[in-house]
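Undergrad: Could you have a look at this structure, given as structure tokens, before my questions?
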Amino acid sequence: MIDRYTRPVMRAIFDVDHRLEVMFHVEKVSAKVLAEKGIIDQQKVSELLGAKVRLDPKRMDEIEQTTRHDIISFLTMISEQLPEGARSILHYGMTSQDLIDTAGALVYLEAIDQIQHSLDAFKSILKEQALAHKNTLMVGRTHGIHGEPIVFGVKFLSWYAEMERHSERLSHARRTMSVGKMSGAMGTAVHISPSLETAILSDLSLKPESMATQVVARDRHAELFSTLALIGSGLERIAVEIRHLQRTEVREAEEPFRPGQKGSSAMPHKRNPIGSENITGLARLLRSYSQAAFENVALWHERDISHSSVERVIGPDAFGLLDYMLVRLGGILKDLIIYPERMKQNLEMTRGLVYSQSVLLALTRAGLPRETAYKIVQDAAMQTWSGTNDLLTNLKIHVDMPASFPESELLAAFDPAPFLSGLDEIYDRVLGEHHHHSGNEGC
Numbered sequence: 046m047i048d049r050y051t052r053p054v055m056r057a058i059f060d061v062d063h064r065l066e067v068m069f070h071v072e073k074v075s076a077k078v079l080a081e082k083g084i085i086d087q088q089k090v091s092e093l094l095g096a097k098v099r100l101d102p103k104r105m106d107e108i109e110q111t112t113r114h115d116i117i118s119f120l121t122m123i124s125e126q127l128p129e130g131a132r133s134i135l136h137y138g139m140t141s142q143d144l145i146d147t148a149g150a151l152v153y154l155e156a157i158d159q160i161q162h163s164l165d166a167f168k169s170i171l172k173e174q175a176l177a178h179k180n181t182l183m184v185g186r187t188h189g190i191h192g193e194p195i196v197f198g199v200k201f202l203s204w205y206a207e208m209e210r211h212s213e214r215l216s217h218a219r220r221t222m223s224v225g226k227m228s229g230a231m232g233t234a235v236h237i238s239p240s241l242e243t244a245i246l247s248d249l250s251l252k253p254e255s256m257a258t259q260v261v262a263r264d265r266h267a268e269l270f271s272t273l274a275l276i277g278s279g280l281e282r283i284a285v286e287i288r289h290l291q292r293t294e295v296r297e298a299e300e301p302f303r304p305g306q307k308g309s310s311a312m313p314h315k316r317n318p319i320g321s322e323n324i325t326g327l328a329r330l331l332r333s334y335s336q337a338a339f340e341n342v343a344l345w346h347e348r349d350i351s352h353s354s355v356e357r358v359i360g361p362d363a364f365g366l367l368d369y370m371l372v373r374l375g376g377i378l379k380d381l382i383i384y385p386e387r388m389k390q391n392l393e394m395t396r397g398l399v400y401s402q403s404v405l406l407a408l409t410r411a412g413l414p415r416e417t418a419y420k421i422v423q424d425a426a427m428q429t430w431s432g433t434n435d436l437l438t439n440l441k442i443h444v445d446m447p448a449s450f451p452e453s454e455l456l457a458a459f460d461p462a463p464f465l466s467g468l469d470e471i472y473d474r475v476l477g478e479h480h481h482h483s484g485n486e487g488c
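So the sequence shown is numbered by this note's numbering: it starts at 46 and just counts up by one.
This is how it looks when you write it as structure tokens:
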């Protein structure tokens, strides 16, 4: 977690002081429930709950120099500040990983909720732009080659639909991670019974791991980090599109270029899509963290510690990066510079080729066999590709073009209006309500 790519809100969630507060909260809740059930002395628990404890990371570090064990150092740091009676019931029946995984789940849930908040804000920007550019005509491309007319808004609509799926995945990952454990060193509930474990975790708004070892099963974490990586890959898909649209020879859209911003130390004219390139790079990190989480699934026997070092890095980093990515890319899209006239120029660049399917279907509706119609249109299109006339002219002079085919129908095939005809239904399908906002007139 580095400051450059981490917002304060996510940094605070993974801050060491906050983590220690959550861990101590788990200890106190466990003691309170155990006292209520008559397992440990209520007076000693009252002393624990009433103690003025200063959670001191520096003191923990000092103790750990000797113990070489962070949880023992945590407990020792607290015990030094407790009345003698309270010391005897601290961490009762628990193993270190009971505390780590349960407190860790609470921290992860906070982080997930923050990602969901940032994702919701990001979706709102996508929806706004999808509606604003519902009629902004441009060329659609497959394989990087001009295909047929589309509207700019459907790009945003596609991204919105994907982010809706990611939102559902994130909700599922939250449920998956809403578990803890108090089942002890081997997960067999020797000192804290399953019913007591359920009661303790219920007070923390968690459920018990159905069958723990010394740890909560790491397939849960793998699902979570896979979800984060998927969201990051979705953001990368958007970023790559912006980078393509900003290429000089395309220049249909462009990242905002702020007053005083510079693009190159050597070339004063440069306006580079650095924000989108940043998103692309950070998405690679998220995928690598996902892979690391998968490597943590297969631990030795009831547990080894190989997962611990990985999670100390990927937890704060992955959440910090994704939150940053959502906010940064959202800002880019909200202020995206759009060039409708350039979109129109590019749409007309291939001199009618983008209407080839419309002509093909018009000919088949007139009764021509599909293969015959396809050959006529392709022959004419290849002539246009080679630089001879536009597609309409080449079709008119094609030797096999039926003389009976009405010129009005041929001209109608070059009308972009039909490419807007299904948009209301598509928008309704994605947004789930009627949004017949006309948007920009575009081309």
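Here a beta-carbon is modelled for each residue, glycine too, at the ideal position from N, C-alpha and C.
1) Are there 16 or more other CB atoms within 10 angstroms of the CB of S335, so buried, or fewer, so exposed?
2) Do I170 and G375 have their C-beta atoms closer together than 7 angstroms?
3) So the beta strand (DSSP E) P194 belongs to, where does it begin and stop?
4) So what does DSSP say about P253, is it helix, strand or coil?
5) With S321 and A284 assumed to form a contact (beta carbons below 8 angstroms), what rounded beta-carbon distance in angstroms separates them?
6) Spell out the partners DSSP gives E129 in its beta bridges.
7) Give me the Cα-Cα distance between T293 and S163, rounded to the nearest whole angstrom.
8) Following a CB-centred definition, is T258 positioned closer than 6 angstroms to any heavy atom of the ligand ATP?
9) Go ahead and pull the three-state DSSP assignment for M68.
10) Identify which residue in V90, E66, A262 and D380 has its Cα closest to the Cα of A76.
11) Residues in its own chain within less than 7 angstroms of A206 by CB, not counting five upstream and five downstream?
12) Does DSSP classify L269 as helix, strand or coil?
13) Nearest-angstrom Cα distance between A230 and S310?
14) Under 7 angstroms between the Cβ atoms of G130 and E92?
15) Rounded to whole angstroms, how far is the Cβ of V422 from the Cβ of L405, which I believe are closer than 8 angstroms?
16) Rounded to the nearest angstrom, what separates I108 and I116 at their Cα positions?
17) Considering M183, what are the terminal residues of the beta strand (DSSP E) in which it resides?
18) Name the residue from S141, S133, R132 and G149 whose alpha carbon lies nearest to the alpha carbon of V61.
19) Sort R99, A80, G95 and M446 by Cα distance to H63 and report the nearest one.
20) Classify V422 as helix, strand or coil using the three-state DSSP reduction.
21) Could you check the C-alpha separation between G36 and G279 for me, to the nearest Å?
22) Could you name the residues that DSSP lists as bridge partners for V298?
23) Can you name the start and end residues of the alpha helix (DSSP H) that R474 belongs to?
24) By how many angstroms is the C-alpha of M105 removed from the C-alpha of I350?
25) Starting from G149, trace the alpha helix (DSSP H) both ways and give me its first and last residue.
26) Distance check for R265 and R49, CA to CA, integer angstroms please.
27) What is the C-beta distance between A244 and V78, in whole angstroms, given that I count them as a contact (C-beta under 8 angstroms)?
28) Contact check, Q291 vs E300 under 8 angstroms by CB: the rounded distance?
29) Please classify V372: does DSSP put it in a helix, a strand, or coil?
30) Taking only three categories from DSSP, how would you classify V224?
31) Please report the distance separating the alpha-carbon of K315 from that of E297.
32) Please return the same chain residues whose Cβ sits closer than 7 angstroms to the Cβ of R415, not counting the five positions on each side in sequence.
33) How is the alpha helix (DSSP H) around I58 delimited, first residue to last?
34) Where does H63 fall in DSSP's three states?
35) Return the CA-CA distance between G487 and E193, expressed in angstroms with no decimal places.
36) Within 8 angstroms, do at least three Cβ pairs link the region 378-398 to the region 330-346?
TA: Let's see:
1) The residue in question, S335, is buried, as its Cβ has 16 or more Cβ neighbours within 10 Å.
2) For I170 and G375, yes; Cβs fall inside 7 angstroms.
3) P194 -> beta strand (DSSP E) spans I190 to V196.
4) Reduced to three states, the DSSP call for P253 is strand.
5) The beta-carbon distance between S321 and A284, rounded to whole angstroms, is 4 angstroms. This is short enough to meet the 8 angstroms contact definition.
6) The partner list for E129 (beta bridge, DSSP) is empty, contrary to what the question assumes.
7) Rounded to the nearest angstrom, the two C-alpha atoms are 32 angstroms apart.
8) Absence of the ligand ATP from the depicted structure is noted, as is the absence of any ligand whatsoever, leaving it without description.
9) Residue state, collapsed to three classes: helix.
10) For A76, the nearest C-alpha among the options comes from V90.
11) Counting only Cβ-Cβ distances below 7 angstroms, and skipping sequence neighbours, we find V475.
12) Three-state DSSP puts L269 in a helix.
13) A straight-line Cα-Cα distance of about 59 angstroms links A230 and S310.
14) Yes; because the gap between Cβ atoms is below 7 angstroms, this pair is in contact.
15) Approximately 5 angstroms separates the beta-carbon atoms of V422 and L405; this is inside 8 angstroms, confirming the contact.
16) Straight-line Cα distance between these residues: approximately 10 angstroms.
17) L182 to T187 is the span of the beta strand (DSSP E), which, as asked, contains M183.
18) That would be G149, whose Cα lies nearest to the Cα of V61.
19) Out of R99, A80, G95 and M446, R99 has the C-alpha closest to the C-alpha of H63.
20) Residue state, collapsed to three classes: helix.
21) With the chain covering only 46 through 488, there is no way to say anything about residue 36.
22) First, the residue type needs correcting, since residue 298 is Ala and not Val in the sequence shown. Assignment of beta-bridge partners to A298 by DSSP yields I383.
23) Boundaries of the alpha helix (DSSP H) harbouring R474: L468 to L476, taken from the DSSP string.
24) Straight-line Cα distance between these residues: approximately 20 angstroms.
25) Membership of G149 in the alpha helix (DSSP H) is indicated by the continuous run S141 to A177.
26) Approximately 29 angstroms between the Cα atoms of the pair.
27) Going by Cβ atoms, the distance from A244 to V78 rounds to 5 angstroms, so yes, they are a contact pair.
28) Yes, Q291 and E300 are in contact; Cβ-Cβ is about 6 angstroms, under 8 angstroms.
29) If DSSP states are grouped into helix, strand and coil, V372 belongs with the helices.
30) In the three-state scheme derived from DSSP, where H, G and I count as helix and E and B as strand, V224 is classed as strand.
31) Between K315 and E297, the C-alpha separation is close to 16 angstroms.
32) Annotation for R415: T409 place their beta carbon closer than 7 angstroms to its own, counting only its chain and skipping 5 residues before and after.
33) It spans P53 to I58 - the alpha helix (DSSP H) in which I58 sits, taken as one unbroken run.
34) DSSP places H63 within a helical segment (H, G or I) once states are collapsed to three.
35) A caution first: G487 carries a pLDDT of 47, below 50, which makes its placement in the model unreliable, though a value can still be read off. Straight-line Cα distance between these residues: approximately 16 angstroms.
36) Between the region 330-346 and the region 378-398 there are fewer than three C-beta pairs closer than 8 angstroms, too few to call the two in contact.
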